Amino acid sequence: MSKFDTPKLETYLQTPALKSDAMASSGPFKANADMQKSLGFPGEKIDNWQQVAIEKMGETIEKYRSIPVFLDACVKCGACADKCHYFLGTGDPKNMPVARQDLFRSVYRRHFTFAGKYFPKLVGAKEFDESMLDDWYNYFHQCSECRRCSVYCPYGIDTAEITMAAREVMNAIGVGQKYCNQILGKVKKIGNNLGMPEPALRDTLLDLEEEIEEDTGVAVKLPLDNEGAEILLITPSADFFAEPHIDGLIGYAKVFHQSGASWTLSSYASEGANFGMFIGNYDIMREGALRIRKAALDLGVKRIIVGECGHAWRVAYSFWNTLTGIGGGAADEYALQLQNQLDQNYPQPQHIIEYTYDLIQKGQLAFDKSKNDHRTVTFHDSCNVARGSNMGGIENGQFLLPREVIKAACNNFVDMSESTIKASTFCCGGGGGLLTDDLLELRVKGALPRMQALKQSEETSGVNTLAALCAICKSQFSKVLPYYDFDPFMVVSVHQLVSEALLLDGDNSQQESKTL
Amino acid sequence: MSLISILFAVFFYLAVLLCLVGVALKVAQYASTPVPLKIPTAPAPLTKFGVVLRMMREVFLFASLFRASKWTWLFGWLFHWALVLLFIRHLPYFWPGEVPQILHQTEPLKYAAFPLIFGLSGLLARRFFVDRVRYISAPSDYLLLLLLIAIALTGVLMTFAHYYPDMGMVYSFAEGLITLNWSELPSESVFLAHIFMVFILIAIFPISKMLHAPGVFFSPTLNQADDARKKRHISDWAIDKERNSKSG
Chain A
1 MSKFDTPKLE TYLQTPALKS DAMASSGPFK ANADMQKSLG FPGEKIDNWQ QVAIEKMGET
61 IEKYRSIPVF LDACVKCGAC ADKCHYFLGT GDPKNMPVAR QDLFRSVYRR HFTFAGKYFP
121 KLVGAKEFDE SMLDDWYNYF HQCSECRRCS VYCPYGIDTA EITMAAREVM NAIGVGQKYC
181 NQILGKVKKI GNNLGMPEPA LRDTLLDLEE EIEEDTGVAV KLPLDNEGAE ILLITPSADF
241 FAEPHIDGLI GYAKVFHQSG ASWTLSSYAS EGANFGMFIG NYDIMREGAL RIRKAALDLG
301 VKRIIVGECG HAWRVAYSFW NTLTGIGGGA ADEYALQLQN QLDQNYPQPQ HIIEYTYDLI
361 QKGQLAFDKS KNDHRTVTFH DSCNVARGSN MGGIENGQFL LPREVIKAAC NNFVDMSEST
421 IKASTFCCGG GGGLLTDDLL ELRVKGALPR MQALKQSEET SGVNTLAALC AICKSQFSKV
481 LPYYDFDPFM VVSVHQLVSE ALLLDGDNSQ QESKTL
Chain B
1001 MSLISILFAV FFYLAVLLCL VGVALKVAQY ASTPVPLKIP TAPAPLTKFG VVLRMMREVF
1061 LFASLFRASK WTWLFGWLFH WALVLLFIRH LPYFWPGEVP QILHQTEPLK YAAFPLIFGL
1121 SGLLARRFFV DRVRYISAPS DYLLLLLLIA IALTGVLMTF AHYYPDMGMV YSFAEGLITL
1181 NWSELPSESV FLAHIFMVFI LIAIFPISKM LHAPGVFFSP TLNQADDARK KRHISDWAID
1241 KERNSKSG
């Protein structure tokens, strides 16, 4: 099955002994010249890379307050050291958040601080040489930017910020990662991560409509480019393509159908994911967000709702208004036009979970929960939702709302161990631009803490279904669950659970609607 | 005045100057660097008031550290609070003129020296014995702890082991530094070592990890309210970018 050993699941999560350089040669494939150039980066490693890298570091220090504060403030207390899933899964000391940051910090100290310039040995300052760049490339691509470390740091130091800055520096010298940069090129050219053109998308949606009608006898529509619709749904393109994502999309469609709202997808902005965040590039992230603003303007929608995708929701919730003025407060002409157009009675943007939750609260959705009685469900809090966003506008709403939606559709729900969920949730192991097969060993090992908690729930509560609301989590779990002897089909979209139990008006089918 | 008194007076002013100027420059740098995105981390407060509460929990209770590691929290929290108490205990020396009544009551605070040494020793032991912490420690991390322990030990020798200097001279030297009315300092070596090390500590504050003290207040993950959908958050350079782009 693989060239590496899958870690054993013990009764409790163990903190591993240090295994130096265990993952030193586990970096991902590099982007080729075409991929690099399509994003405006140098095609290959430039000759004066050291000089340019130091200049770029200086730029990030001047543009982002988080960088100098986080680099200066760390006292090396070690609070974060055993909090990273990649460290827990691999034992490689450079996967401890503080040690990962230190790759950046040691160069920062050498070039930007008094102590590091004059007493480098004393304070662990280091030169940016070839072997340091190798470490940067390997280990800044072994961080999923999940922010778990930041929850435990007494100064809130967020390794994700450092990882993003490091990737930004590496891209600037022509050392980019294939997976992220290739995908960003596709978004730029076609509009989604899959590179799925409009006709293919239209076909897929028609197929789904047929499938739903066959199952339920109800003509649930999945409209595309429907001008004048009330709601624009922005969802990760995986929802059009892969299991179990697609069952989530069917769930959203049924909820919209049942609520009677007119809604649409956009072929121009057919991607909720925004990998610009993963590589720490403000401009590329903004370009992605601008596509959505343009689609909203062109289609004349009143509301923007985001589907199940972790980092997409972080970008939408926390960054869209900053990047493009979706929401309120921006003054450029398109932003103003959009503000007039959007219905300010609703939060903009809104998460599909918030939408469904509101309908449930108002009693507008009815469920036959017994449809999910064969399941005992647990919920995986996706890192970017848990630690980079909110839902419902209430404190900790991002933890509460998805659970309430699941409980409305299922009779059997149990949480995993408290130290592995909500604010302390463990990353699935595939986030932050690492969901690629050239990082399979890392992904399998990084999933260990989550698998451990799942195993415990399976043994104590008979959990057989793992619900998630992030495309990356769903793909990652489907892939790594078998390595730990779980059924890969146990992972489901939250809206798949909704879909299976939701009672549609005019649904005459008495037979079981749809199983895995 | 003796040469040594003059030297120590000069050291003191130099150290304080380096510290104040250095910290001022760092704070100015932090304050003037934009925060382009909303990045509060969980559990994120939704309001400014919530941020104040969160910051107080972090600064006074070390709430995040408590979640992370109970031992590190115990050692670190004891050390920091003992340091605060001992700072208060030292105020009367420097108080210009009549010392307020309340500062006469600070005598018992001297016992904070023991939790201070306990906490520091615990932190040092972790650096030696926990492999993860050993891995991330640079020489400066050990040296700073050793410096603090040495300051504490010399203090303890003076306070509890009869190595005390002429207290009258200590008062007039310290007060003289503040009122610019310089006088001789006692020549006991334990005392000289104690204050010399304190001067070093003060001087290296802005070029060391002690910057975590001002830094924590500028940490965007901790000091931002999670209100992205309520209010637009934007930095100056992003506004410029927006003005220069024409895309719709």
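Residue numbers (this note's numbering), protein chains in the order written: chain A, 1 to 516; chain B, 1001 to 1248.
Don't be surprised by glycine CBs; every beta carbon is placed ideally from N, CA and C.
None of the values given here were measured: they were computed from a predicted structure.
How many Å lie between residue i and residue j at the Cα?
i: A471 of chain A; j: Y252 of chain A; result: 14 Å
i: D92 of chain A; j: T322 of chain A; result: 37 Å
i: K1209 of chain B; j: F119 of chain A; result: 14 Å
i: K83 of chain A; j: S318 of chain A; result: 24 Å
i: A115 of chain A; j: D129 of chain A; result: 20 Å
i: A1015 of chain B; j: I1200 of chain B; result: 7 Å
i: E435 of chain A; j: F1087 of chain B; result: It is Leu, not Glu, that sits at residue 435 of chain A in the sequence shown. Answer to the nearest angstrom: the Cα atoms are 52 Å apart.
i: F1173 of chain B; j: F1191 of chain B; result: 12 Å
i: F367 of chain A; j: D415 of chain A; result: 21 Å
i: K221 of chain A; j: A335 of chain A; result: 30 Å
i: Q1105 of chain B; j: Y1111 of chain B; result: 13 Å
i: S538 of chain A; j: I304 of chain A; result: The requested residue 538 of chain A does not occur in the structure, where chain A is confined to residues 1 to 516.
i: K63 of chain A; j: A1031 of chain B; result: 12 Å
i: R293 of chain A; j: A1213 of chain B; result: 41 Å
i: A1238 of chain B; j: Q1029 of chain B; result: 19 Å
i: T515 of chain A; j: T420 of chain A; result: Here the model assigns T515 of chain A a pLDDT of 39, short of 50, so the residue's position is not dependable and the matter cannot be decided.
i: D207 of chain A; j: P199 of chain A; result: 12 Å
i: S1245 of chain B; j: K76 of chain A; result: 42 Å
i: L1147 of chain B; j: F70 of chain A; result: 24 Å
i: A24 of chain A; j: S270 of chain A; result: 37 Å
i: H141 of chain A; j: T90 of chain A; result: 14 Å
i: L1153 of chain B; j: Q14 of chain A; result: 38 Å
Within this structure, are the beta carbons of residue i and residue j separated by less than 8 Å?
i: W263 of chain A; j: A289 of chain A; result: no
i: R65 of chain A; j: T1033 of chain B; result: yes
i: A467 of chain A; j: V494 of chain A; result: yes
i: R375 of chain A; j: T324 of chain A; result: no
i: M57 of chain A; j: V175 of chain A; result: no
i: E1188 of chain B; j: F1094 of chain B; result: no
i: E145 of chain A; j: G431 of chain A; result: yes
i: D1141 of chain B; j: R1132 of chain B; result: no
i: D60 of chain A; j: A165 of chain A; result: Correcting the residue type first, residue 60 of chain A is Thr in the shown sequence and not Asp. Taking 8 Å as the Cβ cut-off, T60 of chain A and A165 of chain A qualify as a contacting pair.
i: M391 of chain A; j: G185 of chain A; result: no
i: V306 of chain A; j: E230 of chain A; result: no
i: Y152 of chain A; j: S1064 of chain B; result: yes
i: G27 of chain A; j: N138 of chain A; result: yes
i: K407 of chain A; j: F399 of chain A; result: no
i: Y484 of chain A; j: T11 of chain A; result: no
Where does residue i land, buried or exposed, given buried means 16+ other C-beta within 10 angstroms?
i: W1073 of chain B; result: buried
i: A1042 of chain B; result: buried
i: V1084 of chain B; result: exposed
i: S150 of chain A; result: buried
i: Y1013 of chain B; result: exposed
i: D1240 of chain B; result: exposed
i: V107 of chain A; result: buried
i: V444 of chain A; result: buried
i: Q177 of chain A; result: buried
i: W1071 of chain B; result: exposed
i: M1249 of chain B; result: Any property of residue 1249 of chain B remains undetermined from this structure, which presents chain B solely from 1001 to 1248.
i: F1060 of chain B; result: exposed
Please state whether DSSP places residue i in a helix, a strand or coil.
i: L233 of chain A; result: strand
i: F367 of chain A; result: strand
i: V306 of chain A; result: strand
i: Q452 of chain A; result: helix
i: H245 of chain A; result: helix
i: H380 of chain A; result: strand
i: W263 of chain A; result: strand
i: Q510 of chain A; result: Note that Q510 of chain A scores a pLDDT of 42, beneath 50, so its modelled location is shaky; the value from the coordinates is reported in the next line. Q510 of chain A falls in the coil class under three-state DSSP.
i: V1010 of chain B; result: helix
i: F1062 of chain B; result: coil
Fill in: Contacting positions in the segment 317-341 of chain A - beta carbon closer than 9 Å to chain B
Y317, S318, F319, W320, N321, T322, L323, T324, G325, G327, G328, G329, A330, A331, D332, E333, Y334, A335, Q337
Practice prompt. Residues of the segment 1219-1232 of chain B with a CB closer than 7 Å to any CB of chain A: list them in chain order, please.
Written response: Answer set for the segment 1219-1232 of chain B: S1219, P1220, T1221, L1222, D1226, A1228, R1229, K1231, R1232.
Worksheet item: Quick one, which residues of the segment 288-303 of chain A are near chain B if we go by CB-CB under 7 Å, in chain order?
Response: L290, K294, L297
Item to complete: Determine which residues of the segment 1044-1076 of chain B have a Cβ less than 8 Å from any Cβ of chain A, and write them out in chain order.
Response: A1044, P1045, L1046, G1050, E1058, F1062, S1064, L1065, R1067, A1068, S1069, T1072, G1076
Discussion item. At a CB distance below 8 Å, what residues from the segment 79-108 of chain A approach chain B? Give them in sequence order.
Written reply: Interface annotation for the segment 79-108 of chain A against chain B: A79, C80, A81, D82, K83, P93, M96, V98, A99, D102, criterion Cβ-Cβ distance under 8 Å.
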